[in-house]
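Beneath this line is the structure, given in structure tokens, with notes to follow.
In the numbering used here, the protein residues as written are 3 to 203.
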């Protein structure tokens with residue numbers, strides 16, 4: 003924990019700060035947090051490093067199974083998630099600023115741009131246009147009416163339009179996401195610097 007007067011880091015059992023001599027509270031003033039993540043060593047380490055750099059102290063990492071229900075064939079379904087418990091001392095120097103910066107950084111931690119799916123629209127559109135075009139050419143060569151096959155081409159074009167519009171929309175979403183993520187990354191670096199500084203006191 004941190005001294006309530008000078009902000010120096012001291013042990014949780016200390017009643018008096020060794021640096022300034024100030025009396026400490028009988029119990030540290032902590033805030034608590036639990037986050038969940040994918041159960042793998044690499045993911046858990048990534049979360050651990052991120053939250054520790056934001057001033058959190060990891061107190062427990064526990065992989066838990068959760069019952070997800072029963073399938074139609076009677077199979078019992080379970081999923082596993084890692085629960086990471088942590089605490090942060092409210093008396094640490096620059097606590098308010100660290101909390102503000104860490105919340106900003108956390109908003110874009112372990113996230114991806116929220117893009118809309120467009121591959122299926124493009125695939126259907128291209129397929130319909132190719133099939134319709136080939137059918138029209140063959141019908142024309144055989145002297146058969148080909149007007150009905152033009153419908154397939156029209157359907158293909160109608161499917162391509164939303165696919166193309168989604169690609170444009172995704173580019174805007176992606177650009178905005180990375181602009182915001184750059185701000186969050188900068189906030190994280192500032193937060194790391196403040197946490198390092200507080201531990202050096």
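No residue lacks a Cβ here, since even glycine has one placed at the ideal position from N, Cα and C. Because the structure is a prediction, the values reported are computed rather than measured.
Same chain, Cβ closer than 7 Å to residue i, five either side skipped, listed in chain order
i: residue 175; result: 115, 116, 117
i: residue 42; result: none
i: residue 126; result: 161
i: residue 124; result: 162, 165
Contacting residues, own chain, Cβ-Cβ under 6 Å from residue i (five flanking each side not counted)
i: residue 168; result: 118, 120
Helix, strand or coil at residue i [DSSP, three-state]
i: residue 56; result: coil
i: residue 113; result: coil
i: residue 87; result: strand
i: residue 96; result: coil
i: residue 43; result: helix
i: residue 24; result: coil
i: residue 62; result: strand
i: residue 81; result: strand
i: residue 198; result: helix
i: residue 74; result: coil
Spatially closest choice to residue i from the options, by CA coordinates
i: residue 9; options: 129, 93, 166, 182; result: 93
i: residue 82; options: 67, 153, 72, 88; result: 67
i: residue 45; options: 159, 107, 84, 162; result: 84
i: residue 102; options: 12, 185, 13, 11; result: 185
i: residue 179; options: 137, 19, 136, 109; result: 109
i: residue 156; options: 144, 128, 183; result: 128
i: residue 182; options: 19, 135, 113, 137; result: 113
Distance between beta carbons of residue j and residue i, contact taken as under 8 Å
i: residue 32; j: residue 90; result: 7 Å
i: residue 87; j: residue 62; result: 4 Å
i: residue 11; j: residue 201; result: 6 Å
Residues near residue i by beta carbon distance below 8 Å, same chain, minus five either side
i: residue 172; result: 115, 117, 118, 120
i: residue 55; result: 190, 193, 194, 197
i: residue 80; result: 67, 68, 69, 70
Residue environment, residue i, which counts as buried when at least 16 other CB atoms sit within 10 Å
i: residue 165; result: buried
i: residue 4; result: buried
i: residue 22; result: exposed
i: residue 34; result: exposed
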